Amino acid sequence: MTRSLFIQSVVFGVLTGGVYALLASGLSLYFGVMRIVQIAHPAFLFLGAYLTYSLHTRFDVDPLLTMPVTVPLFFVTGMAIQRLLLARLRSENAAMMSVLLTFAIAVVVEGGLSAVYTGSYRSIDVDYAKQSFEWFGVRVPRDRLIGLAVAGTTLLVLFGVLRFSRYGRSLRATMQHPDAARLVGVETGRVRAIGFGIGMSTAAVGGAVLSLIVPFFPSGHWEWIAKLMAIIVVGGLGSVGGAAIAAFVLGITEAVVQSWVSPVWAGMVFYLFLFVTLIFRPQGFFGGRLAQRY
Amino acid sequence: MAAQRRQQGWNYVLVLVLVAALTAGPLVVTNSYYRYAGVLMVMYMVMATSWNLVGGFTGYVSLGHAAFFGFGAYCTGIIAGDSRPSVVGALVATVGICAVVGAAIGAVALRVRGSSFVIVTIALVYMGSLLAQGWRSLTGGSLGLDVASLFSFTNRASRHAAYIVTFALLLGVVMVLWNFIDGTKFGMGLKAVREDEDRAQSLGVNTTAFKVVAFALSATFVGLAGGLYATWTGFIDPIFVFSVQISAQLVLMSLLGGMRSLWGPVLGAAIIVPSSEFFLVNLPDYHLLGMGIMLGGVVLLMPAGIIPTLRQLRAHRDPPGASIREEAGAVGADQSDDVDPPPVVGVPGPMVHR
């Protein structure tokens with residue numbers, strides 16, 4: 008019995024970890040291209056969930072089929088935010104100021120959401136996502152499996168783009184050394200804006216998935232900020248792969264602690280990992296010395 | 115240097131005037147609601163100035179001070195419970211506990227800089243919130259905790275008046291401390307951390323110890339403010355006291371007024387608290403939206419804050435009085451407030467402004 012409970016919670020952790028990994032990859036991307044931490048990322052995740060909700064209830068669109076609308080919309084918004092707001096900050100203290108600016112954006116998004124949708128819980132029910140099935144004696148909820156599949160596919164596409172495309176090369180060059188990249192003809196400004204757009208797109212995809220798997224409310228994004236931040240620090244700031252691994256490790260640990268100890272301690276898992284990382288390895292487990300300074 | 119000394123001397127007098135004026139406030143304002151808003155304003159003045167002990171001197175932006183606010187509130191609430199005689203003892207204990215806990219947490223959190231530090235401080239708030247809601251036997255869980263009052267007034271308006279005076283006295287203490295540190299070697303070291311931490315360290319400033327002491331001091335006063343808050347409202351709501359919004363308010367106040375000046379956070383609180391109350395009363399649905407837009411606007415348009423900006427304007431209007439260095443400071447908004455030779459000891463000539 009206890010063994011199957013353990014396996015059950017590990018499976019659950021993997022399914023949640025996929026969503027964490029997807030969102031953390033967006034955060035790592037922002038950090039990589041601009042050396043900033045985008046506090047508003049989960050706020051946009053929730054905005055994505057609410058847009059999906061509206062499209063679903065108004066026009067009866069399947070939650071996952073709203074992505075062709077929300078993803079381009081978020082991509083353009085991300086580019087606009089980078090170009091019009093973040094690029095304007097003075098470079099001397101950009102790290103701090105960008106945190107405050109994105110914090111302000113998060114508050115604006117939350118304020119807008121609670122003004123439009125009120126503060127109560129919303130959720131989407133679709134028939135195909137509600138059931139679960141047995142797999143080697145383990146219950147697998149369908150909605151979470153769909154979530155993992157969507158998140159996993161998006162992550163693979165993202166890795167493919169970063170690794171093999173021409174844009175991916177210029178993006179990695181911009182991450183590693185912006186000045187040198189400019190010298191060899193990379194338009195770092197454009198690369199950064201597109202990088203931001205891609206990061207925001209992960210929030211749109213995540214939003215569609217989120218709307219499918221859990222009920223959501225406007226101020227719910229704060230808890231996500233703290234969790235995702237813990238994930239990217241443990242993984243090492245700016246390391247997309249490190250963040251993905253940390254996301255799965257923390258997601259699984261959270262699920263195991265949740266079913267074995269208590270939900271309160273499940274939430275604490277993220278912060279304990281965060282502080283242990285800071286004490287023993289401040290640069291994270293996959294990041295360079297760089298991470299400690301930003 | 116002499117000008118700075120003189121300015122500092124005047125600051126002590128002005129702080130005394132401010133505290134006297136705030137204390138006299140309840141004589142003029144008798145309406146209970148306005149007095150309530152007054153307590154909030156002076157409380158935020160205390161907290162923003164305490165926040166500025168870290169933020170202003172070292173440049174480390176903490177979004178985690180709500181954690182100490184909540185922690186202080188719970189310390190006082192748990193120790194005092196509902197017996198009034200033990201409230202004073204509980205507040206004293208709160209100061210001690212907050213100092214120790216603040217130093218311990220600072221020692222860990224200050225190992226990272228910049229955005230990572232901000233992340234860690236946000237996490238602190240959530241840890242506090244989880245603990246307060248999870249440890250039911252001690253904190254009463256999400257139902258909250260009842261706390262006895264420091265004063266025996268049964269009339270609400272008189273109680274508010276008493277708390278205005280209490281917070282005003284605490285404000286005086288924190289401001290005097292800030293002003294005192296500003297001129298000491300300790301303060302210079304903290305500012306050196308802000309300007310260039312690596313260089314300061316290589317020149318022999320014990321940056322770690324300095325940062326931790328500043329952080330602990332700051333946490334202690336915010337914790338004490340939290341304890342007083344708990345005895346004032348008589349009730350602790352875990353979701354409210356541990357909310358990042360409170361930290362964000364402190365940052366917004368300091369930033370708006372001017373992070374590098376003694377008067378910045380006080381001015382910021384004097385602007386933000388009344389306007390925030392106005393929004394809450396008249397446009398409750400748009401309260402958050404308004405606060406977000408305000409913070410974003412300040413960061414984008416006036417990152418140096420009101421006081422340094424005014425100072426620059428004065429310097430421009432009155433060129434003979436301004437040194438070349440001040441002019442240079444006025445151009446790079448980053449250098450705004452302290453135009454005296456930067457505090458790194460042992461470097462002859464002008465300091466490199468990066």
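First to last, the sequence lines map onto chains A and B. The first sequence begins at 8 in our numbering and counts up one residue at a time. The second sequence begins at 115 in our numbering and counts up one residue at a time. No residue lacks a Cβ here, since even glycine has one placed at the ideal position from N, Cα and C. Being a predicted model, the structure only gives us computed values, none of them experimental.
Report task. Identify the contact partners of A/S278 in chain B, using a Cβ-Cβ distance below 7 Å as the criterion. Result -> The sequence as given places Tyr at residue 278 of chain A; Ser does not occur at that position. Those are A237, Y240, M241, listed as they occur along chain B.
Query raised in the report: Hey, how far is the Cα of B/V129 from the Cα of B/V290?
Result: 7 Å
Query raised in the report: So what does DSSP say about B/F294, is it helix, strand or coil?
Result: helix
**Report entry** Beta carbon proximity, A/F292 to chain B, threshold 9 Å
**Finding:** no
Requested in this report: Could you spell out where the alpha helix (DSSP H) holding A/V263 opens and where it closes?
Outcome: 247 to 267
Query raised in the report: Can you tell me whether DSSP reads B/D351 as helix, strand or coil?
Result: coil
Query raised in the report: Helix, strand or coil: which one does DSSP assign to A/P222?
Result: coil
Query raised in the report: Among A/A50, A/P270, A/Y27, which one has its Cα closest to the Cα of A/E117?
Result: A/A50
Query raised in the report: To the nearest whole angstrom, what separates the beta carbons of A/A102 and B/S229, a pair I think is in contact under 8 Å?
Result: 5 Å
Query raised in the report: Relative to the C-alpha of A/L54, which residue among A/G258, A/R129, A/F19 is closest?
Result: A/R129
Query raised in the report: Can you tell me the Cα-Cα spacing of A/M155 and A/T23, whole angstroms?
Result: Met is not the amino acid found at residue 155 of chain A; the sequence shown has Leu there. The alpha-carbon atoms of A/L155 and A/T23 are separated by roughly 7 Å.
Query raised in the report: Are any of the Cβ atoms in chain A nearer than 9 Å to that of B/L244?
Result: yes
**Report entry** Segment contact flag, the stretch 380 to 389 of chain B with the stretch 170 to 177 of chain B, C-beta cutoff 8 Å, min 3 pairs
**Finding:** no
Query raised in the report: With a CB to CB cut of under 7 Å and the five nearest residues on each side skipped, what residues in its chain are close to B/M157?
Result: F281, A339, Y343
**Report entry** Segment contact, 8 Å Cβ cut-off, at least three pairs: the stretch 367 to 381 of chain B with the stretch 415 to 429 of chain B
**Finding:** yes
Query raised in the report: Got a sec: which bits of the stretch 85 to 110 of chain A sit with their beta carbon under 8 Å from any beta carbon on chain B, in order along the chain?
Result: L92, R95, L96, R97, E99, N100, A102, M103, M104, S105, V106, L107, L108, F110
Query raised in the report: What does A/E261 touch in chain B if you count any residue whose Cβ is under 9 Å from its own?
Result: Those within 9 Å of A/E261 in chain B number zero; the least Cβ separation is about 12 Å.
Requested in this report: Taking only the alpha-carbon atoms, compute the straight-line gap between B/P199 and A/L58 and give it to the nearest angstrom.
Outcome: 55 Å
Query raised in the report: Name the residues in the stretch 340 to 372 of chain B whose C-beta lies less than 9 Å from a C-beta of chain A; which are they?
Result: S357, V358, Q359, A362, V365, L366, L369
Query raised in the report: Any idea what DSSP makes of A/I286, helix, strand or coil?
Result: helix
Requested in this report: Mind the definition here: the stretch 27 to 43 of chain A touches the stretch 195 to 203 of chain A only if three or more C-beta pairs lie below 8 Å; say whether that holds.
Outcome: yes
Query raised in the report: So who's on the other strand from A/E141, going by DSSP bridges?
Result: A/R146
Query raised in the report: Helix, strand or coil for A/L96 per DSSP?
Result: coil
**Report entry** Terminal residues of the alpha helix (DSSP H) in which B/I192 lies
**Finding:** 179 to 194
Requested in this report: Would you kindly work out how many angstroms separate the C-alpha atoms of B/Y240 and A/F282, rounded to a whole number?
Outcome: 13 Å
Query raised in the report: Using a Cβ-Cβ distance under 9 Å, would B/G184 count as near chain A?
Result: no
Query raised in the report: A/R129 bridges to which residues according to DSSP?
Result: A/F223
**Report entry** Interfacial residues, the stretch 303 to 324 of chain B to chain A, with Cβ spacing under 8 Å
**Finding:** none
Query raised in the report: Around the C-beta of B/K305, are 16 or more other C-beta atoms found within 10 angstroms, so that it is buried, or is it exposed?
Result: buried
Query - CB contact below 9 Å: B/I407 versus chain A - result: yes
Query raised in the report: Taking just the CA atoms, how far does B/S164 sit from B/M405?
Result: 21 Å
Query - Contacts of A/I286 in chain B (Cβ-Cβ under 8 Å) - result: V222, R225
Query raised in the report: Applying a beta-carbon distance threshold of less than 8 Å, which residues of chain B neighbour A/L244?
Result: S229, S230
Query raised in the report: If you measure from the beta carbon of A/W229 to each beta carbon in chain B, is any gap under 9 Å?
Result: yes
Requested in this report: Could you confirm whether any beta carbon from chain B is found closer than 9 Å to the beta carbon of A/M1?
Outcome: Chain A is shown from 8 up to 301; residue 1 of chain A falls before or after that span and cannot be answered.
Query raised in the report: Does at least one heavy atom of the ligand MN sit under 8 Å from the Cβ of A/H228?
Result: In the structure on display, the ligand MN does not appear, and there are no ligands present to speak of.
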